[in-house]
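Asks: Take a look at the following structure, please.
Protein chains: 2
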Amino acid sequence: MTSDGRVARGDRTRRAVLDTAVALATEVGLDGLSLGQLADRLEVSKSGLFAHWRSKEALQLATVDRAVAQWQERIIEPALRAPRGVRRLQALHEARIDFYAARVLPGGCFFANTEFEYNARPGPIRDRLAEAFQRWTAFLERLVQEAVDLGELPADLDVAQLAYEIDAFGISAVMRSRLLDPDTTYRHARLGLLNRLRALSPNPTLLTEGPS
Amino acid sequence: MTSDGRVARGDRTRRAVLDTAVALATEVGLDGLSLGQLADRLEVSKSGLFAHWRSKEALQLATVDRAVAQWQERIIEPALRAPRGVRRLQALHEARIDFYAARVLPGGCFFANTEFEYNARPGPIRDRLAEAFQRWTAFLERLVQEAVDLGELPADLDVAQLAYEIDAFGISAVMRSRLLDPDTTYRHARLGLLNRLRALSPNPTLLTEGPS
DNA sequence: AATTAATACGACCGGTCGGTCTTATTTTGG
DNA sequence: CCAAAATAAGACCGACCGGTCGTATTAATT
Numbered sequence: 651m652t653s654d655g656r657v658a659r660g661d662r663t664r665r666a667v668l669d670t671a672v673a674l675a676t677e678v679g680l681d682g683l684s685l686g687q688l689a690d691r692l693e694v695s696k697s698g699l700f701a702h703w704r705s706k707e708a709l710q711l712a713t714v715d716r717a718v719a720q721w722q723e724r725i726i727e728p729a730l731r732a733p734r735g736v737r738r739l740q741a742l743h744e745a746r747i748d749f750y751a752a753r754v755l756p757g758g759c760f761f762a763n764t765e766f767e768y769n770a771r772p773g774p775i776r777d778r779l780a781e782a783f784q785r786w787t788a789f790l791e792r793l794v795q796e797a798v799d800l801g802e803l804p805a806d807l808d809v810a811q812l813a814y815e816i817d818a819f820g821i822s823a824v825m826r827s828r829l830l831d832p833d834t835t836y837r838h839a840r841l842g843l844l845n846r847l848r849a850l851s852p853n854p855t856l857l858t859e860g861p862s
Numbered sequence: 651m652t653s654d655g656r657v658a659r660g661d662r663t664r665r666a667v668l669d670t671a672v673a674l675a676t677e678v679g680l681d682g683l684s685l686g687q688l689a690d691r692l693e694v695s696k697s698g699l700f701a702h703w704r705s706k707e708a709l710q711l712a713t714v715d716r717a718v719a720q721w722q723e724r725i726i727e728p729a730l731r732a733p734r735g736v737r738r739l740q741a742l743h744e745a746r747i748d749f750y751a752a753r754v755l756p757g758g759c760f761f762a763n764t765e766f767e768y769n770a771r772p773g774p775i776r777d778r779l780a781e782a783f784q785r786w787t788a789f790l791e792r793l794v795q796e797a798v799d800l801g802e803l804p805a806d807l808d809v810a811q812l813a814y815e816i817d818a819f820g821i822s823a824v825m826r827s828r829l830l831d832p833d834t835t836y837r838h839a840r841l842g843l844l845n846r847l848r849a850l851s852p853n854p855t856l857l858t859e860g861p862s
């Protein structure tokens, strides 16, 4: 790294390593991730990885952080370009399903896979995952609250409840898409939110049928 | 095994092994399941396991089957004691959440964990999981259809859509319960279905608030 | 009671894992 | 142009993995 503000060459390679690690961990698990295989795929030596991260766990934690950044870039930021309210909520849900449907990560969803992998393993990795999930939940609830504040959803709405249901539809989408017909699965995930918002919204014309 | 119909002693030990395997695999993953650790926990030798199953994969497949049987005994059969219709649907959902809340398996849900673990790994294990999940989905849809046939749900209801949402609430429950407050999570999972059924049912008095 | 059949055991095999260390190569600064 | 410092490489370590095999113990049969 350079001492001034420029992005050092090492930071680029560092991010390339972590992108590969995210993709690989999504397929074989964050625990099943082998440093030897990761090094092979990157065409570097295994000891080179230890020069950047002092242990496998350190690299795993950095991998979680990189996955958070990818989620931000690929799903949250596009959704924030939609106008506030139910349309932004719908845009977020659609962006997430599109992300799954596009098979950006061949292994499905890094967070879904990893959270189920570590839900019975206390430790730094699960703590980091829990932290990320809490932020995601808070973000979802904030978007629902905005729609309420705009009068697009009822004032007495149970905000956390709707946020729970939205996330549930997303989680189920990525799981079922591997076991049942993907198109049917994604349609259920989309319709789940659409029907719910239409039932709640005093102005259903805001909501579009197709992907945003 | 005996040649006649009696249950041999070996079948009992076989089931005991598989029960332990289900519990262990739910914690560390069906792939991460170590035959050495399993043998240690059972206080038998590792080679003894290979006398009953010719390979690790054979034992993993038997473990999936045993988990299916546990799900049948613990969740489906109790729910079938409730009267047909929306009350049976609700009973099934409650039994599932109770099963999670009781921490019967310390690792959470065998199927949720394992399906996310194998969703990017084609092979016999994923095939077996997919088969089990298809039967589960068909069963859920059958129960919804029964409620429609009884007139307790609208005749034009999208049966598969409601089944999708019910399962989504269950999946999310077991995942979030490890990362956020469990009681809040279970309440969201219960209310998700309850609100949905109340909005759909022409006879909401059938539905009870508390656990069945 | 003696022989046979079945069973359970633990040492052992090749391979892969995370991690270390010594060596060779490249880059940098004067 | 050379010395010094940083970097990458690959051999190597102990631990654990799935799986095998010869042996000792138990159970069943006559």
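Here the protein sequences line up with chains H and U, keeping their order. With the numbering used here, you'll find the first sequence wraps up at 862, consecutive numbering, no jumps. With the numbering used here, you'll find the second sequence wraps up at 862, consecutive numbering, no jumps. Yeah, the Cβ is synthetic: ideal placement off N, Cα and C, and Gly gets one too.
What is the DSSP secondary structure of N853/H, counted as helix, strand or coil?
Replies: Three-state DSSP puts N853/H in coil, outside helix and strand.
Asks: Please state if the CB of L807/H and the CB of V798/H are separated by a distance shorter than 7 Å.
Replies: Their beta carbons are under 7 Å apart, which means V798/H touches L807/H by this criterion.
Asks: Does the Cβ-Cβ distance between I747/H and Y836/H come in under 7 Å?
Replies: The answer is yes: Cβ separation under 7 Å.
Asks: Is the beta carbon of F766/U sitting closer than 7 Å to the one on N763/H?
Replies: Yes, the pair counts as a contact, with Cβ atoms nearer than the cut-off.
Asks: Can you confirm whether L841/H, when its beta carbon is compared against all beta carbons of chain U, has any partner nearer than 7 Å?
Replies: Closer than 7 Å to some Cβ of chain U, the Cβ of L841/H qualifies, so yes.
Asks: Does the beta carbon of G758/H sit closer than 7 Å to a beta carbon anywhere in chain U?
Replies: G758/H counts as touching chain U.
Asks: Taking C-alpha atoms, which residue in D777/U, V809/U, A839/U and L800/U lies nearest to T787/U?
Replies: The shortest Cα separation from T787/U among D777/U, V809/U, A839/U and L800/U belongs to V809/U.
Asks: Hey, would you say V678/H sits closer than 7 Å to R716/H, going by beta carbons?
Replies: Not in contact: V678/H and R716/H (Cβ atoms no closer than 7 Å).
Asks: For the stretch 700-707 of chain U against the stretch 721-737 of chain U, are there 3 or more C-beta pairs whose distance is under 8 Å?
Replies: Flag = no, the stretch 700-707 of chain U and the stretch 721-737 of chain U do not touch.
Asks: Tell me the DSSP secondary structure of R734/U in three-state form.
Replies: Three-state result, R734/U: coil.
Asks: Just how far apart, CA to CA, sit A849/H and G842/H?
Replies: If you take the alpha carbons of A849/H and G842/H, they lie about 11 Å apart.
Asks: Roughly how many angstroms separate the alpha carbons of F819/U and V718/U, rounded to a whole number?
Replies: Roughly 20 Å between the two C-alpha positions.
Asks: Give the interface partners of R778/U over in chain H, defined as CB-CB distance under 7 Å, in chain order.
Replies: Those within 7 Å of R778/U in chain H number zero; the least Cβ separation is about 11 Å.
Asks: Using CA coordinates, which residue listed in A780/H, H838/H and F700/H is at the minimum distance from H743/H?
Replies: Closest by alpha carbon: H838/H.
Asks: Listing by chain order, which chain H residues have their CB less than 8 Å from the CB of H838/U?
Replies: Ordered by position in chain H, the residues that pass the 8 Å Cβ test against H838/U are A810, Q811, Y814 and E815.
Asks: Beta-carbon within less than 6 Å of K696/U's beta-carbon, same chain only, minus the 5 sequence neighbours each way: which residues are those?
Replies: Counting only Cβ-Cβ distances below 6 Å, and skipping sequence neighbours, we find L685, G686 and A689.
Asks: Are G757/H and A675/U close, meaning C-beta to C-beta below 7 Å?
Replies: Cβ atoms of G757/H and A675/U: not closer than 7 Å.
Asks: Can you pull the chain U neighbours of L830/H, defined as C-beta to C-beta under 9 Å?
Replies: A780, F783, Q784 and T787, listed in chain order.
Asks: So, helix, strand or coil for L843/H, using DSSP?
Replies: Helix.
Asks: For V657/H, which residues of its own chain have a beta-carbon under 8 Å away from its beta-carbon, when the five flanking residues on both sides are left out?
Replies: Because the pLDDT of V657/H is 46, which lies under 50, any placement of that residue in the model is unreliable, and the question is left without a value.
Asks: Contact criterion: CB-CB distance below 7 Å. Does E765/H meet it with respect to chain U?
Replies: Taking Cβ atoms only, chain U reaches closer than 7 Å to E765/H, which makes this a yes.
Asks: Does any CB atom of chain U fall closer than 7 Å to the CB of F819/H?
Replies: Yes, because at least one Cβ of chain U sits closer than 7 Å to the Cβ of F819/H.
Asks: Would you mind reading off the limits of the alpha helix (DSSP H) that contains D874/U?
Replies: In this structure chain U extends from 651 to 862, so residue 874/U is not present and cannot be described.
Asks: Roughly how many angstroms lie between the CA atoms of L844/H and A701/H, to the nearest whole one?
Replies: Distance between the alpha carbons of L844/H and A701/H: 49 Å.
Asks: Would you give the residue range spanned by the alpha helix (DSSP H) that I816/U belongs to?
Replies: Here the alpha helix (DSSP H) through I816/U covers V809 to L829.
Asks: Quick one: list the residues of chain H neighbouring D681/U, beta-carbon separation under 8 Å, in chain order.
Replies: Within 8 Å Cβ-Cβ: G679 and G682.
Asks: So R731/H and V754/H are in contact, right, with Cβ under 8 Å, and what is the actual spacing, rounded?
Replies: About 18 Å; that fails the 8 Å criterion.
Asks: Measuring alpha carbon to alpha carbon, tell me which of M825/U, L680/U, E693/U and A741/U ends up nearest L847/U.
Replies: The candidate whose alpha carbon is nearest that of L847/U is A741/U.
Asks: Closer than 9 Å, Cβ to any Cβ of chain H: which residues of the stretch 662-675 of chain U, in chain order?
Replies: Within the stretch 662-675 of chain U, no residue has a Cβ that lies closer than 9 Å to any Cβ of chain H.
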